[in-house]
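Under UniProt numbering, the very last position in the sequence shown is 219; numbers go up by exactly one each time.
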Amino acid sequence: MRENFDDELARVTSCLITMAKAVREAMRQAGAALLTADYTLAQQVAVNDAEVDVLYRVVDDRVFHLLAHQRPTADELRSTLTALQAAADLERMGDLAVHVARAALRRYPATAVGPELTELFRAMSSTADRLAGKIVLALSDQDEVLAGQLDGDDDAMDQLHRQLFGVMLRPDWPLGVEAAVDGALLGRYYERYADHAVNVGQHVLLLGTGKTAGAPGSV
């Protein structure tokens, strides 16, 4: 029975890795669509998010199947519930990528960010991709070192978020209220994406050691 449990948990982990790869690609595409006003690419992000939602339901079903049909030990119970929490964070990351893509669609054929913000959002996209890439590797290899680095990497996104508001709140901000609202919302999407990435890193640490490096970000 323990072998069956381990095999099923391995399948759950495989789903998490696939989800992590998908949400990384989603934000890559959303960021590119945002900066280039690529309508087709932005639409594709929303279409592909259905895959992430399906994978989340698969993880949910498998976790509750394990709980219903096995008698997990305390460690096994922790692992299954932690996997479910990781899936929820990954699903939310996919949703946030969709929000970025939809912002690009709303402003098409214009770009959703003005030239004053382009480099900041390019940097935010790069930072989001770095965080998501570490999630993929941390989950694939159960790499606690990479998982532990995510909290520190999130500081870079927080710094960019502060810089964003510094630009938009300057007295000489030239783009008006609507552009500032767009920028604030987009900045929030990227910041929350990074926060959920940190959460996943915490879940990987919990799976490996039973300990966390600090409190994960809130939903």
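Where a beta carbon is used, it is the ideal one built from N, C-alpha and C, also for glycine.
Leaving out five residues before and five after residue i in sequence, what residues of the same chain have Cβ atoms less than 6 Å from its Cβ?
i: residue 59; result: 12, 15, 87
i: residue 99; result: 189
i: residue 31; result: 125
i: residue 123; result: 160
i: residue 175; result: 114
i: residue 179; result: 114
i: residue 66; result: 8, 80
i: residue 84; result: 63
For residue i, is the beta carbon positioned less than 6 Å from some heavy atom of the ligand PLP?
i: residue 150; result: Looking at this structure, you won't find the ligand PLP or any other ligand, since it has none at all.
Measure the C-alpha to C-alpha separation of residue i and residue j and round it to an integer number of angstroms.
i: residue 205; j: residue 148; result: 7 Å
i: residue 177; j: residue 157; result: 23 Å
i: residue 80; j: residue 142; result: 15 Å
i: residue 219; j: residue 82; result: Confidence is the limiting factor: at residue 219 the pLDDT is only 40, short of 50, which leaves the residue's position unreliable, though a coordinate-based value still follows. Roughly 15 Å separates the two Cα atoms.
i: residue 93; j: residue 53; result: 11 Å
i: residue 57; j: residue 39; result: 29 Å
i: residue 97; j: residue 55; result: 16 Å
i: residue 107; j: residue 170; result: 23 Å
i: residue 172; j: residue 42; result: 31 Å
Evaluate residue i with the Cβ neighbour count: other Cβ atoms within 10 Å of its Cβ, from every protein chain shown; 16 or more gives buried, anything less gives exposed.
i: residue 91; result: buried
i: residue 159; result: exposed
i: residue 119; result: exposed
i: residue 253; result: Missing from the structure shown is residue 253; the chain here goes from 1 to 219 and no further.
i: residue 196; result: buried
i: residue 128; result: buried
i: residue 68; result: exposed
i: residue 192; result: buried
i: residue 10; result: exposed
Who are the Cβ neighbours of residue i in its own chain at under 7 Å, not counting the five residues just before and after it?
i: residue 138; result: 146, 147, 201, 204
i: residue 76; result: 5
i: residue 28; result: 129
i: residue 18; result: 55
Flag residue i as yes if its beta-carbon sits less than 7 Å from any beta-carbon of chain B, otherwise no.
i: residue 42; result: Protein chain content of the structure displayed is limited to a single chain, and chain B is not contained in it.
Between which two residues does the alpha helix (DSSP H) carrying residue i extend?
i: residue 175; result: Run containing residue 175: none; DSSP gives neither H nor E here.
i: residue 107; result: 74 to 107
i: residue 130; result: 115 to 141
i: residue 71; result: Careful: residue 71 lies outside any alpha helix (DSSP H) and carries neither H nor E.
i: residue 38; result: It is not in any alpha helix (DSSP H) - residue 38 carries neither H nor E in the DSSP assignment.
i: residue 156; result: 144 to 168
For the putative contact between residue i and residue j, defined by C-beta atoms under 8 Å, what is the C-beta separation to the nearest angstrom?
i: residue 112; j: residue 154; result: About 24 Å; that fails the 8 Å criterion.
i: residue 33; j: residue 104; result: 4 Å
i: residue 101; j: residue 45; result: 4 Å
i: residue 181; j: residue 151; result: 30 Å between Cβ atoms; not a contact.
i: residue 207; j: residue 187; result: 31 Å between Cβ atoms; not a contact.
Tell me which same chain residues have a C-beta within less than 8 Å of the C-beta of residue i, skipping the five on either side of it?
i: residue 133; result: 24
i: residue 35; result: 111, 113, 118, 121, 122, 125
i: residue 49; result: 26, 94, 95, 97, 98
i: residue 61; result: none
i: residue 116; result: 167, 173, 174, 175
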